[in-house]
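In my numbering, the protein residues as written are 96 to 370. Notes follow the structure.
Printed below as a string of structure tokens:
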């Protein structure tokens, strides 16, 4: 395993949040298959029926400081943290209550940040560690009706970029993995906010339907889970890895096109008729 941190026989303690399904479950399984000690989190570990051999499940509510502290205490000396758990949300900004907005940030930003802060002292003292933030290309590609979710993912990416060279002198790496459209079934769990009588209802439905159609043909979770593991074990990873949704083409278009044209392009990709 040339290019991976440590010797082939070296085992690491890994904490993967949101490990009951999707990318988190895939990453936890691959870490375990490679011989690492793996803790996977879930809000309700007792309800997990398809348990992964070699993964110890811990309860974690990312909106609860006490739950975060207890989870870290149970995991012990964490060498690799994968901040994967989060919620998806879609709705017009005017329709999203501040309570819903704040709850999303507690889950998708403040929870992962608190968890990261909790494991950093140990990593710093041992002078080794890795933090992988599982973001979303939605944090870079700003689609209508995704202001809350996209801004939360942008915030997490920004935290990772700023943190990277704060902790680099202590042997700690920090990277963000941004999946594009993925086939996780997340569309069935997405928090859809569209009140009766909303003036945005028709446009909301158009974008929501376009997203669901694209997700049917998204990148497989095992492919993304493997990427997360490889990034975590890389002793010199890049700051950002974007995967799926024609990421290289889309990212190039974003760099080359004027912002107005690129935002129109994204809106039209999702079925909106914009001038």
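We put the beta carbon where it would ideally sit given N, CA and C, even for glycine.
Is residue 211 closer than 8 Å to residue 179 when the C-beta atoms are compared?
Here the question's residue 179 lines up with position 84 in the chain shown. Here the question's residue 211 lines up with position 116 in the chain shown. Between residue 179 and residue 211, the gap from beta carbon to beta carbon reaches 8 Å or more.
Under a three-way DSSP split, which group does residue 157 fall into?
Taking the first residue of the chain shown as position 1, residue 157 is located at position 62. Three-state DSSP puts residue 157 in coil, outside helix and strand.
Can you give me the C-alpha to C-alpha distance between residue 270 and residue 156, rounded to a whole angstrom?
In the chain shown, the residue the question calls residue 270 occupies position 175. In the chain shown, the residue the question calls residue 156 occupies position 61. Near 23 Å, if we compare the C-alpha coordinates of residue 156 and residue 270.
Residue 319, enclosing alpha helix (DSSP H) - first and last residue:
Residue 319 sits at position 224 when you count from the first residue of the chain shown. Counting along the chain, the alpha helix (DSSP H) containing residue 319 begins and ends at 316–328.
Can you tell me whether residue 121 is buried or exposed? The criterion is at least 16 other CB atoms within 10 Å of its CB, across all chains shown.
The residue labelled residue 121 in the question sits at position 26 within the chain shown. The residue is buried, with at least 16 neighbouring Cβ atoms inside 10 Å.
Leaving out five residues before and five after residue 233 in sequence, what residues of the same chain have Cβ atoms less than 7 Å from its Cβ?
Along the chain shown, read from residue 1 onward, the residue named residue 233 stands at position 138. Only 241, 244, 245, 248 meet the Cβ criterion.
Rounded straight-line distance, which links the Cα of residue 200 to that of residue 317
Taking the chain shown and counting its residues from 1, the one referred to as residue 317 is at position 222. Taking the chain shown and counting its residues from 1, the one referred to as residue 200 is at position 105. The straight-line gap from Cα to Cα measures roughly 27 Å.
Proximity winner among 131, 320, 359, 256, relative to residue 208 (alpha-carbon distances):
Looking up residue 208 in the chain shown gives position 113. The candidate whose alpha carbon is nearest that of residue 208 is 256.
Nearest to residue 218 by CA position, among 204, 202, 197, 264, is which residue?
The sequence position of residue 218 within the chain shown is 123, counting from 1. Taking only the C-alpha atoms, the option nearest residue 218 is 264.
Where do the N-terminal and C-terminal ends of the alpha helix (DSSP H) with residue 243 fall, by residue?
Taking the chain shown and counting its residues from 1, one reaches residue 243 at position 148. Here the alpha helix (DSSP H) through residue 243 covers 242–262.
Which value, in whole angstroms, describes the spacing of the CA atoms of residue 220 and residue 332?
Locating residue 220 in the chain shown gives position 125, where the first residue counts as 1. Locating residue 332 in the chain shown gives position 237, where the first residue counts as 1. Each residue's alpha carbon lies about 21 Å from the other.
Would you tell me roughly how many angstroms separate the C-alpha atoms of residue 352 and residue 295, rounded to the nearest one?
Here residue 352 corresponds to residue number 257 of the chain shown, with the count starting at 1. Here residue 295 corresponds to residue number 200 of the chain shown, with the count starting at 1. Between the alpha carbons of residue 352 and residue 295 lies a gap of roughly 28 Å.
Could you tell me the boundaries of the alpha helix (DSSP H) in which residue 336 lies?
Taking the first residue of the chain shown as position 1, residue 336 is located at position 241. Counting along the chain, residue 336 falls outside any alpha helix (DSSP H), though it belongs to the beta strand (DSSP E) covering 335–338.
Rounded to the nearest angstrom, how far is the Cβ of residue 176 from that of residue 214, given a contact under 8 Å?
Translated into positions along the chain shown, residue 176 becomes position 81. Translated into positions along the chain shown, residue 214 becomes position 119. Right, their Cβ atoms sit about 5 Å apart.
Option in 250, 321, 238, 166 with minimal Cα separation from residue 152
In the chain shown, the residue the question calls residue 152 occupies position 57. Closest option to residue 152, Cα to Cα, is 166.
Residue nearest to residue 342 in terms of C-alpha spacing, selected from 277, 320, 297, 222
For this step, residue 342 is matched to residue 247 along the chain shown. Checked all of 277, 320, 297, 222; the closest Cα to residue 342 is 277.
Specify, as a first and last residue, the run of the alpha helix (DSSP H) that residue 171 falls within.
Stepping through the chain shown from its first residue, residue 171 is reached at position 76. From DSSP, residue 171 is part of no alpha helix (DSSP H); its letter is neither H nor E.
Residue of 132, 134, 237 minimising C-alpha distance to residue 359:
Residue 359 sits at position 264 when you count from the first residue of the chain shown. Closest option to residue 359, Cα to Cα, is 237.
Out of 190, 196, 173, 192, which has the shortest C-alpha to C-alpha gap to residue 182?
Residue numbering aside, residue 182 sits at position 87 when the chain shown is read from its first letter. That would be 196, whose Cα lies nearest to the Cα of residue 182.
Select from 301, 319, 127 the residue whose C-alpha is nearest the C-alpha of residue 186.
Along the chain shown, read from residue 1 onward, the residue named residue 186 stands at position 91. Cα-wise, what sits closest to residue 186 is 301.
Check whether the Cβ atoms of residue 268 and residue 225 sit closer than 8 Å, and answer yes or no.
One-based indexing of the chain shown puts residue 268 at position 173. One-based indexing of the chain shown puts residue 225 at position 130. Yes, they are a contact pair.
If the criterion is Cβ atoms closer than 8 Å, does the pair residue 273 and residue 230 meet it?
Position 178 of the chain shown, counted from the first residue, corresponds to residue 273. Position 135 of the chain shown, counted from the first residue, corresponds to residue 230. Yes; because the gap between Cβ atoms is below 8 Å, this pair is in contact.
When you compare only the Cα positions, how much space is there between residue 346 and residue 254?
Within the chain shown, numbered from 1, the residue matching residue 346 stands at position 251. Within the chain shown, numbered from 1, the residue matching residue 254 stands at position 159. Taking the straight line joining both Cα atoms gives about 20 Å.
Tell me whether residue 135 sits in a helix, a strand or coil according to DSSP, three-state version.
If you number the chain shown from 1, residue 135 lands on position 40. Residue state, collapsed to three classes: strand.
Close-in-space but distant-in-sequence residues of the same chain around residue 169 (CB under 8 Å, 5 per side omitted):
By 1-based counting over the chain shown, the position of residue 169 is 74. Annotation for residue 169: 134, 153 place their beta carbon closer than 8 Å to its own, counting only its chain and skipping 5 residues before and after.
With DSSP run on the structure shown, which of helix, strand or coil describes residue 210?
In the chain shown, the residue the question calls residue 210 occupies position 115. Reduced to three states, the DSSP call for residue 210 is helix.
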